[in-house]
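J.: In this text, residue positions in the sequence shown follow my numbering: the first is 1, and each later residue adds one. Ideal placement from N, C-alpha and C gives every residue a C-beta, glycine not left out.
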Amino acid sequence: MDNIMQKLDKLCRKEIIRPIDLELCRFLEDCHSDISPKVLKAACLVSHLYQQGHVCLPLVDYAGEPLFEDEEGGSILRAPALSPWRSALRKCAAVGKPGEYKPLILDDSDRLYMHKLW
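1) Is DSSP giving glutamate 100 helix, strand or coil here?
2) Measuring only the C-alpha atoms, how far is alanine 42 from isoleucine 35?
3) Spatial neighbours of leucine 82 within its chain, please: CB distance less than 8 Å, with the 5 preceding and 5 following residues excluded, ordered by chain position.
4) May I have the straight-line CA-CA distance separating leucine 28 from glutamate 69, to the nearest angstrom?
5) Can you look up isoleucine 76 in the DSSP assignment and give me helix, strand or coil?
6) Tell me, which residues are paired with valine 39 by DSSP?
And the structure:
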């Protein structure tokens, strides 16, 4: 976990992601100590996308792709492939199905939402 959180902290210090994106990941890690780095990447990205006016993270659009790049154009984080990403999200206690009360909601079309936007 530390490695992913260190990378997210670096992204925040470089102002590539916002403090609220990092804090969401810290909150999830505090509440779910066994949370997967794949889930933390998704949580950070769905929060980041929300700040840009999007309501969800369509996993298929980002799977296997670089998520954030630094000023030199180097990829700091890469999204997992679709199948393992979906699997990690479905197994995570912080991620629910539509109608459940969890911080993150994954629908049947592989779209991830923050619960408040569901």
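T.: On the basis of the data shown:
1) As a position in the sequence shown, residue 100 is number 100, starting the count at 1. Residue state, collapsed to three classes: coil.
2) Within the sequence shown, residue 42 is the residue found at index 42, counting from 1. Within the sequence shown, residue 35 is the residue found at index 35, counting from 1. Answer to the nearest angstrom: the Cα atoms are 11 Å apart.
3) As a first step, residue 82 is located in the sequence shown; it is residue number 82 there, counting from the start. Around leucine 82: Leu59, Val60, Ala63, Gly64, Asp110.
4) Reading the sequence shown from its first residue, position 28 is the one you call residue 28. Reading the sequence shown from its first residue, position 69 is the one you call residue 69. Computed Cα separation, rounded: 23 Å.
5) Indexing the sequence shown from 1 puts residue 76 at position 76. In this structure, isoleucine 76 counts as strand in the three-state DSSP scheme.
6) What you label residue 39 is simply residue 39 of the sequence shown in a count that begins at 1. In the DSSP assignment, valine 39 is bridged to no other residue.
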